[in-house]
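Engineer:
In this note's numbering, the protein residues as written are 52 to 194.
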């Protein structure tokens, strides 16, 4: 999977070139795949260390650790396969378009009818007033 990750990363680099930095969804999935592969390697390494210790008579967790490592890696493979699939089949383009239109104020109508939670109690965020505080400074001084 690490070779596949490298191939997919280089394909993305050749496809989008300098615009790759704007493909945050793609980059996030690449990072997630790398993190899963690292976790798998770490779990397998730990299980092998425990099995080696058990073979040398320094513990009895070797086989149990292998079982858990196998279960974890099986689950991680499913997650990695899904992430690889989502590298190229996703909703990133529509998500980007909706986000830009939201910032442009196109969907402000969705805010109609929202009940103000602070009604009757005042704002939840205190207003900022410039100048010195009227309260004494309670901060400790450091040497």
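Note that CB positions come from ideal geometry on N, CA and C, so glycine has one too.
Using three-state DSSP, classify residue 166 as helix, strand or coil.
Structural biologist: coil
Engineer: Is residue 80 buried or exposed, if buried means 16 or more other CB atoms sit within 10 Å of its CB?
Structural biologist: buried
Engineer: Do residue 86 and residue 98 have their C-beta atoms closer together than 8 Å?
Structural biologist: no
Engineer: Here's the rule: buried if 16 or more other CB atoms are within 10 angstroms of the residue's CB, otherwise exposed. What is residue 113?
Structural biologist: Residue environment: residue 113 is assigned as buried (16 or more neighbouring CB atoms within 10 Å of its CB, all protein chains considered).
Engineer: Does DSSP classify residue 62 as helix, strand or coil?
Structural biologist: helix
Engineer: For the alpha helix (DSSP H) that contains residue 84, what are its first and last residues?
Structural biologist: From DSSP, the alpha helix (DSSP H) with residue 84 extends over 75-106.
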